[in-house]
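K.L.:
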Amino acid sequence: MEFKVRLFATLRKDRGREVMVELQEEQTARAIINQLQIDEKDVAILMINGRDGLLDTKLVEGDIVSIFPPVGGG
Amino acid sequence: MDRYTKNRNMLSQDECDVLKNKSVCVIGCGGLGGYVIEMLGRIGVGKITAVDGDVFDVSNLNRQLLSTEVHIGLGKAITAKERMEKVNSDVELSPVSAYLTQENALDIVRGHDLVIDALDSIETRFILQKVASELGIPMIYGAIAGWYGQVSTIMPGDDFLSRIYRNHEGKGHEAELGNPSFSPALVASLQVSEAVKVLIGRGELLNGKLLLIDLFNNDFEVVLF
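Below, the structure is given as structure tokens:
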């Protein structure tokens, strides 16, 4: 199955804004970050189809995953 | 003509009077806080508490409005008061030269109509969200990292920060990206705009939403939470 992954801020570096990720069936969002070599601590916000999601959420065909890194300065 | 002539008519006279009677607590007087305090004072918020235990150092000069070469080594909260006396002497600015902690947070935040998060620590933001919620005070959240920023309005009872920071500790990507002159000014402007809308009870708010800003790619996106 192929999933669209939208990346934000620093996660775009060397990856681009949007990437397509090919996964086997029954995989979770964690498999996406593993495949994109994104460190789990760099995932501050994970959205699946525009809604708050979890790394353990199982993905289904057509899901769009958005990943945001932590921003904390002031 | 008076000093608030140009606030009108986007604000009515009644709303200007409302602002004059409001008190806002600003936690952090650095990149975001300096601009936030400046704008709250200029628009005419009557009472501002400026909280920061830090002193200015040379690395603040690239972005922190309250820092000048003569302020190096001086306290940030006290400097906020000194500046506000020149900018708008009608504003009562109370400086608190302390960092926000579990122990002092309730006492510092209590009694205000609104609190503005101008912190640089994710962990301390969680302390602030908790006490603001306990006290029933809305909190305007803002954070920056390099080209990036985010803003939200957190109403009491909403554990919003847990949804946007999976890890409560440590720094965000600002630790590697730094912060330039323009991102704090932009995010602070958005925070003050939210603050004014909360105080006058008019306009659409970012509660339950996160405004994400990527200035490098000119992306501005509001995400629902």
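Heads up: the protein sequence lines correspond to chains R and E, in order.
Going left to right, the first sequence walks through residues 356 to 429 as the working numbering numbers them.
Going left to right, the second sequence walks through residues 55 to 279 as the working numbering numbers them.
All C-beta atoms in this analysis are idealised placements derived from N, C-alpha and C, irrespective of residue type, glycine included.
None of these values were measured; they are calculated from a predicted model.
Taking only beta-carbon atoms, is threonine 365(R) less than 9 Å away from chain E?
P.N.:
Against the first sequence, residue 365(R) aligns to sequence position 10. Yes, threonine 365(R) counts as interfacial toward chain E.
K.L.:
Alanine 197(E) CB to nearest chain R CB: under 9 Å?
P.N.:
As a first step, residue 197(E) is located in the second sequence; it is residue number 143 there, counting from the start. Closer than 9 Å to some Cβ of chain R, the Cβ of alanine 197(E) qualifies, so yes.
K.L.:
Between the segment 194-201 of chain E and the segment 414-423 of chain R, do at least 3 Cβ pairs fall closer than 8 Å?
P.N.:
Cβ pair count under 8 Å is below three, so no.
K.L.:
Can you have a look at threonine 103(E) and say buried or exposed, based on whether 16 or more other CB atoms are within 10 angstroms of its CB?
P.N.:
As a first step, residue 103(E) is located in the second sequence; it is residue number 49 there, counting from the start. Buried, since its Cβ has 16 or more Cβ neighbours within 10 Å.
K.L.:
Whose Cβ in chain E lies nearer than 8 Å to the Cβ of aspartate 407(R)?
P.N.:
Locating residue 407(R) in the first sequence gives position 52, where the first residue counts as 1. Neighbourhood of aspartate 407(R) in chain E, by CB distance below 8 Å: Arg217 and Phe279, in chain order.
K.L.:
Do three or more CB pairs link the segment 196-211 of chain E to the segment 107-116 of chain E at distances below 8 Å?
P.N.:
Too few Cβ pairs lie closer than 8 Å, so no.
K.L.:
With H, G and I counted as helix, E and B as strand and the rest as coil, what does DSSP make of phenylalanine 180(E)?
P.N.:
By 1-based counting over the second sequence, the position of residue 180(E) is 126. In this structure, phenylalanine 180(E) counts as helix in the three-state DSSP scheme.
K.L.:
For a quick check, are the C-beta atoms of lysine 76(E) and leucine 168(E) less than 9 Å apart?
P.N.:
Against the second sequence, residue 76(E) aligns to sequence position 22. Against the second sequence, residue 168(E) aligns to sequence position 114. It is a contact, given that the beta carbons lie within the stated cut-off.
K.L.:
Arginine 62(E) to isoleucine 218(E), Cα distance in whole Å?
P.N.:
The residue given as residue 62(E) occupies position 8 in the second sequence. The residue given as residue 218(E) occupies position 164 in the second sequence. Arginine 62(E) and isoleucine 218(E): Cα-Cα distance of roughly 36 Å.
K.L.:
List, in chain order, every chain E residue whose beta-carbon is nearer than 8 Å to that of alanine 503(R).
P.N.:
This structure cannot settle anything about residue 503(R), because the visible part of chain R is limited to 356 through 429.
K.L.:
Between the beta-carbon of glutamate 177(E) and the beta-carbon of valine 426(R), is there less than 9 Å?
P.N.:
For this step, residue 177(E) is matched to residue 123 along the second sequence. For this step, residue 426(R) is matched to residue 71 along the first sequence. No, they are not a contact pair.
K.L.:
Any C-beta of chain R within less than 9 Å: which residues of the segment 226-243 of chain E qualify?
P.N.:
Gly226, His227, Glu228, Ala229, Glu230, Leu231, Gly232, Asn233, Ser237, Pro238 and Val241
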